[in-house]
Amino acid sequence: MTDTSSDAEISFQQAMEAFNSSNLDLAIDLFKTTISLSPDHADAYNHLGEAHFKKEEYQDSVDSFNKALEIQPNHTQAKSNLGVAQWNLDNLNRTISESAENIEGVNQDTLHRSPEPPTQPVESAINEKDDQITTAIESEQPIFLISEAIRFGWNTMKNNLVFFIAILIVSMLIGIAPDVIERLVSSIPIRIVVGIPFWVLNLVIWMGLIRIALRLHDNKDVGFTDLFSCFPLFFNYLFGSILYGLIIFVGMILLIIPGIIWAIKFQFYSYFIVDEGLGPIEALKRSSLITKGSKWNLFLFGLLLILINVLGALCLLVGLFATIPTAMIAVSFVYRKLAVTDVKETY
552 MTDTSSDAEI SFQQAMEAFN SSNLDLAIDL FKTTISLSPD HADAYNHLGE AHFKKEEYQD
612 SVDSFNKALE IQPNHTQAKS NLGVAQWNLD NLNRTISESA ENIEGVNQDT LHRSPEPPTQ
672 PVESAINEKD DQITTAIESE QPIFLISEAI RFGWNTMKNN LVFFIAILIV SMLIGIAPDV
732 IERLVSSIPI RIVVGIPFWV LNLVIWMGLI RIALRLHDNK DVGFTDLFSC FPLFFNYLFG
792 SILYGLIIFV GMILLIIPGI IWAIKFQFYS YFIVDEGLGP IEALKRSSLI TKGSKWNLFL
852 FGLLLILINV LGALCLLVGL FATIPTAMIA VSFVYRKLAV TDVKETY
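Using our numbering, the first residue of the sequence shown is number 552, and each one after it goes up by one.
Right, here's the structure in full:
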């Protein structure tokens, strides 16, 4: 039994590597192998559905997400994915139905006189409808409710409050360490030598908090080690943050509003770096893609998160131990909602 479980986990990790490298056929085969070894592997069914979705195999995608929810009814990622996949499947079925009606409406005399059946108009109609579906995905993409995201963040925070308090205290202590050292040490060279490692550690911890939020969203176990697990991604995150800051700086010079728009457009770069290990340029591109059509909703969402954290700070700062985790999980929820619609890898 242990060997089978181990083989299933190895197969699942190989499937994820194939999925992240866009080798979808191999990923599908490996996810199916995982399921054959571990029939109750809800995550394997969920990611199998995502692979089918990226191949635009919407019926298989819906079936896989439903199976994941049969095994684990509270699998939030599968729930989110199912809604988007079902939407695409309904549009595809509507396209087929309308195409069939077009065929039935063709004059039979015209069919007899035609040397070839009129397949081209039907194909054109299908292609045109497919373009409309793709346009809808790209331009009306905000498939998330702000209230749903906040509610999910709040409930997840309540279920993990002690853990969040602990990791936030650790994060804050490491964050203020450079200031304490600066007051205790007068030598500037020593300040620099001691300060740089803490600065690096703070960036790693910030990535760790993102990873923790994503893992909690995905119903996975988390621990203190996750807080320091992103060291290999440090330079990707560093250069991504520099580019993101430069983009916003240029936008602010251009009468502020472009800076706000670009800040929203590229805000998920860090999530793609942590979640998929992408390089800074690719992460910024992917963030740009998934936020199309969602910027106004994301702007309102961001304002609400600021308000929530201000209220937390007003509660003698103690409230921040609840509001910061709520905001972290809510943002991860929105990221997952938007990222699942990333079907076309064109920028």
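The beta-carbon is built from N, C-alpha and C at its ideal position, and this holds for glycine as well.
- For S698, the enclosing alpha helix (DSSP H) begins and ends at 697-710.
- S557 carries a helical assignment under DSSP once its states are collapsed to helix, strand and coil.
- Taking every protein chain shown into account, the CB of W750 has fewer than 16 other CB atoms within 10 angstroms, so this residue is exposed.
- If you draw a straight line from the Cα of N787 to the Cα of Y820, it is about 10 Å long.
- Under the Cβ criterion (8 Å, minimum of three pairs), the segment 825-832 does not count as touching the segment 800-808.
- V731 has its alpha-carbon roughly 46 Å from the corresponding atom of K630.
- In this structure, S883 lies near L765, with their beta-carbon atoms less than 8 Å apart.
- Nearest in C-alpha terms to H626, of all of W638, I756, N770, I857, is N770.
- With a cutoff of 8 Å on beta-carbon distance, I812 and K846 are scored as near each other.
- In the three-state reduction of the DSSP assignment, G802 falls in the helix class, which pools H, G and I.
- At a Cβ-Cβ threshold of 8 Å, F570 and K888 do not count as neighbours.
- The C-beta of G704 has 16 or more other C-beta atoms within 10 Å across all chains shown, which makes the residue buried.
- Around L581, the same chain offers S562, Q565, A566, A569 as residues with beta carbons nearer than 7 Å, after the five sequence neighbours per side are excluded.
- Note on C781: 16 or more other CB atoms within 10 angstroms of its CB, so buried under the neighbour-count rule.
- Just measuring C-alpha positions, the residue of L794, V825, I824, Y822 sitting nearest G810 is L794.
- Check the Cα spacing between K583 and each of A559, N574, T874, V891: the tightest is with A559.
- Ranked by Cα distance from A890, the options R734, V861, D826 are led by D826.
- Just so you know, the alpha carbons of G726 and G853 end up roughly 24 Å apart.
- Between N597 and N574, the C-beta spacing is not below 8 Å.
- Residue nearest to S792 within the set L806, Y822, A878 is Y822 (criterion: CA-CA distance).
- Rounded to whole angstroms, the Cβ separation of G759 and L778 is 4 Å, and the two are in contact under 8 Å.
- Around the beta carbon of I701, 16 or more other beta carbons sit within 10 angstroms, so the residue counts as buried.
- Rounded to whole angstroms, the gap between the alpha carbons of F850 and I761 is 20 Å.
- Cβ contact annotation for F785 (same chain, cutoff 7 Å, sequence separation greater than five): V751, L754, V755, in chain order.
- Taken atom to atom, the span from the alpha-carbon of V869 to that of P729 is near 23 Å.
- Residue environment analysis places V613 among the buried positions, since at least 16 neighbouring C-beta atoms fall within 10 angstroms of its C-beta.
- CA-to-CA, the gap between V861 and V736 works out to about 33 Å.
- Secondary structure of E733 (DSSP, three-state): helix.
- For the set T707, F817, A578, the Cα lying nearest the Cα of A881 is the one of T707.
- Of all alpha-carbon atoms in I718, E621, P748, the one lying nearest the alpha-carbon of F775 is that of I718.
- F715 is positioned such that its CB atom lies closer than 8 Å to that of F872.
- In the DSSP assignment, G830 falls outside any alpha helix (DSSP H), carrying neither H nor E.
- The beta carbon of I859 is closer than 6 Å to those of T874 in its chain, skipping five residues each way along the sequence.
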